[in-house]
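Chains as they are written, first to last, in our numbering: chain A, 583 to 1037; chain B, 370 to 733. Note that CB positions come from ideal geometry on N, CA and C, so glycine has one too. Single-structure report; data block below.
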């Protein structure tokens, strides 16, 4: 709170100066409140401020209070009162919904913004069975409010930065001072300060800009809409970025295993959550390897399978005019298109699209002998397995890697498949997320593990 | 991070059980193989202690660092040159013999040169990565292959084809005095820890203290491998003509069936596991070569380029030699060559232990 008197001449006619700068916006209000002997000037943008609040906090008291001294100290003691620093800051505050009040020679900046996006949204990308139903909202104040309300610890620090040289969006960096990884924090602060982009609209865009390498497809920062995930990660010493205007938070650093955890793992009984974890990793392997294995086995080594199975695979491929890899590619690509379509289409139509695609295309394709029955089973198994990966970005990445493995399975059979899988593991272990190894097994306690290895 | 040292031992151990080493032991079964296996822990202990003790005194450093510190440049270069040639050939033998194995068992129609190129592509990718990431990869891959290994061993030991009589017959030949080759080949299994010459720079003091228990576990693991790779082929394939089989472990695994499994022939599980292990083995060996090369190049004052043309040249040589050799060499020559190579190893490694003792004294 700032109640110092500003006496320089440039400050006294601050309102006129700023009003001049704000012209010719239609929504600028330069208002004068007047009773017999006192005059008060107001300056604000009517599209961003809350008119009710102006009415309640400024106008009504003004006419009720007799003396200017009383009104002055009333305004000064309002909790919405903000510090006045430079003219630029004031302008920027005005554009965010502040009201400049000039009482005699003294200026006050009151934060009376109107927020229409503070509705807390239901989680629909990462739903959980027993966790909280509501995620984050699109307004940063609300989000910070949610997080503060669920993390009652004074060591939780919130820093704000302005990013985007044109739209000056607010970005909050949240961390628990006591157990945050300092090098990650510093690295992120640097990167945020060095962002030179004019407009940054969404957290996924921000995440891409914070990533140094252009050609990556494994996510090294996690985007989440779940507030419980945010809380858990802050408590675990990670840094969380929240951008105003998006209902998602960015968590950094994030490693491979983070992307394979669902929040339900915490809420379900121990045995159940372990079972689900095993299931998820099984799904990961299925989704990565099964298409490649099918091609490698049917085209190179049918004798790998037990003979009955080998015969039934060969039998179901009778009449299929393509080699097995075209068959796989054909169905996989259609499956990807189907997934893409069901994301883009309006919800009312997407059900129809998936039914048409999944059921009719699959049946018709096998009946027309374009693919074998077993292939359809495999592709749908792969599709289902992809959805078992809890975080979307990871499942996108795995979907792409699958084609690389398929390629090597096609060119070099089982050897190629296994070697490319190994290369994928090597690639993952070589990746780093802000200095943390991306894929590393933690067998001992974390302290022992991280102490030993030189970085 | 003691476990990473064990992983280095285990990778070598697993590779040993499909390499020419155990084949030679089986060939020499009437010239003292079994006795040399039984006696091998002696050498093994000596080797492990000599080697690990030295590297524990220089936590976080590798051999090239240490050599550069105490020796003149030309001597360092010669020593490192010899070491990298040895390591290169160790990787090369793994590569070529495994390409032959694959050609024989998995893809007989694929040209050997194509399999080699596929291997080389991925190995080139792997060896240029950070040392740490190779250790992490080894851990993950061993975790993935572990259940299959257990399955293989259980399957072999419990199958009705496993004839205890053959094993008993082999045990009766323990009275032969071991030939040098038998001793050298059983010594090979203990050599995994030798990769510490580079990998040691990842271990700090507090996480790499080998105690007696750890030495004992390491030696027992290696001894177990020797026994398994000696007795399982004999038990499954018979004692008499085992030397006529070029890949005893693979053929032995092909005698096993899983009548109720998706994969009926156990051979394919064995092959999968061995692709994993061989890749890791080559990766570790050649990574050592690349790191040594990097250290040598670095002394020439171009540190700022992580991958420069000299390194490219070295990897190019890897490719050319491997592709050339895979065309000219045949399986018999390969076995002869690896026998020769393995016979050389004891001398080489004990010379190195002497070198380490010298370095230790210099360090004081």
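Can you give me the Cβ contacts of residue i inside the same chain, cut-off strictly under 7 Å, excluding the 5 residues immediately before and after it?
i, result
"residue 595(A)", "none"
"residue 695(B)", "465, 468, 481, 482, 485"
"residue 665(B)", "446, 449"
"residue 536(B)", "600, 603, 604"
"residue 710(B)", "458, 462"
"residue 573(B)", "428, 429"
"residue 1038(A)", "No answer is possible for residue 1038(A): the residues shown for chain A start at 583 and end at 1037."
How is the alpha helix (DSSP H) around residue i delimited, first residue to last?
i, result
"residue 713(B)", "700 to 732"
"residue 936(A)", "929 to 936"
"residue 402(B)", "402 to 426"
"residue 651(A)", "650 to 658"
"residue 539(B)", "533 to 541"
"residue 779(A)", "Unbroken run through residue 779(A): none, as it is neither H nor E."
"residue 775(A)", "764 to 775"
"residue 382(B)", "371 to 385"
"residue 686(B)", "678 to 697"
"residue 694(A)", "Premise fails: residue 694(A) is in no alpha helix (DSSP H) and is neither H nor E."
"residue 567(B)", "565 to 568"
"residue 847(A)", "846 to 849"
"residue 611(B)", "Element bounds for residue 611(B): n/a, residue is neither H nor E."
"residue 797(A)", "No alpha helix (DSSP H) holds residue 797(A); DSSP gives it neither H nor E."
"residue 584(B)", "581 to 606"
"residue 889(A)", "889 to 898"
"residue 871(A)", "852 to 881"
"residue 646(A)", "642 to 646"
"residue 392(B)", "389 to 396"
When DSSP builds the beta bridges, which residues end up paired with residue i?
i, result
"residue 626(B)", "634(B)"
"residue 704(A)", "716(A)"
"residue 724(A)", "Note: residue 724(A) sits in no beta bridge, so no partner."
"residue 821(A)", "834(A)"
"residue 759(A)", "Answer by DSSP bridge pairing: none, since residue 759(A) is not bridged."
"residue 1019(A)", "1014(A)"
"residue 738(A)", "758(A)"
"residue 974(A)", "Answer by DSSP bridge pairing: none, since residue 974(A) is not bridged."
Please list, in chain order, all residues of the same chain as residue i whose beta carbon is under 6 Å from its beta carbon, the five residues on each side excluded.
i, result
"residue 524(B)", "625, 635"
"residue 846(A)", "710, 711"
"residue 590(A)", "Confidence in residue 590(A) is poor, its pLDDT being 42 and thus under 50, which makes the residue's placement unreliable; the coordinate value appears in the next sentence. Answer for residue 590(A): no residue qualifies."
"residue 849(A)", "712, 713"
"residue 699(A)", "720, 721"
"residue 970(A)", "862, 865"
"residue 724(B)", "none"
"residue 646(B)", "383, 384"
"residue 517(B)", "638, 642"
What first and last residue would you give for the beta strand (DSSP E) that runs through residue i?
i, result
"residue 623(A)", "621 to 627"
"residue 682(A)", "680 to 685"
"residue 1039(A)", "No information on residue 1039(A) is available, as it lies outside the stretch 583 to 1037 that chain A covers here."
"residue 810(A)", "Unbroken run through residue 810(A) is the alpha helix (DSSP H), 809 to 817; no beta strand (DSSP E)."
"residue 1054(A)", "This structure gives no information on residue 1054(A), because the portion of chain A shown stretches from 583 to 1037."
"residue 616(A)", "610 to 616"
"residue 637(A)", "First-last for residue 637(A): undefined, no H or E at that position."
"residue 804(A)", "804 to 806"
Can you give me the Cβ contacts of residue i inside the same chain, cut-off strictly under 8 Å, excluding the 5 residues immediately before and after it?
i, result
"residue 793(A)", "802, 803"
"residue 647(A)", "653, 656"
"residue 474(B)", "616, 619, 623, 636, 640"
"residue 588(B)", "410, 413, 414, 417, 559"
"residue 818(A)", "761"
"residue 858(A)", "844, 846, 847, 850"
Could you confirm whether any beta carbon from chain C is found closer than 8 Å to the beta carbon of residue i?
i, result
"residue 568(B)", "You won't find chain C in this structure, because its protein chains are A and B."
At least three beta-carbon pairs within less than 8 Å, the segment 715 to 723 of chain B to the segment 395 to 402 of chain B: no
So does the segment 543 to 558 of chain B actually touch the segment 385 to 394 of chain B, counting three or more Cβ pairs closer than 8 Å? yes
Pair every Cβ in the segment 687 to 696 of chain B with every Cβ in the segment 527 to 540 of chain B, then say whether three or more of these pairs are closer than 8 Å. Because the criterion of three Cβ pairs below 8 Å is not met, the segment 687 to 696 of chain B and the segment 527 to 540 of chain B do not touch.
Give the list of continuous alpha helix (DSSP H) stretches no shorter than 4 residues that lie fully inside the segment 427 to 500 of chain B. Segments of the alpha helix (DSSP H) lying fully in the segment 427 to 500 of chain B: 432 to 439, 442 to 474, 481 to 496.
Does the contact criterion of 3 or more C-beta pairs under 8 Å hold for the segment 809 to 818 of chain A versus the segment 991 to 1001 of chain A? no
Minimum length 4: unbroken alpha helix (DSSP H) runs contained in the segment 906 to 965 of chain A: 906 to 926, 929 to 936, 944 to 949
Given 8 Å, three or more beta-carbon pairs between the segment 739 to 749 of chain A and the segment 775 to 782 of chain A: yes
For the segment 829 to 843 of chain A against the segment 950 to 962 of chain A, do three or more pairs of beta-carbon atoms, one drawn from each stretch, fall closer than 8 Å, so that the two count as touching? no
Using 8 Å as the cut-off, can you tell me whether the segment 997 to 1006 of chain A makes contact with the segment 866 to 880 of chain A, which would need three or more C-beta pairs spanning the two stretches below that distance? yes
The segment 593 to 613 of chain A / the segment 680 to 690 of chain A touching (three or more Cβ pairs under 8 Å): yes
For the structure I just gave you, are there three or more beta carbon pairs, one from the segment 1001 to 1017 of chain A and one from the segment 496 to 508 of chain B, closer than 8 Å? yes
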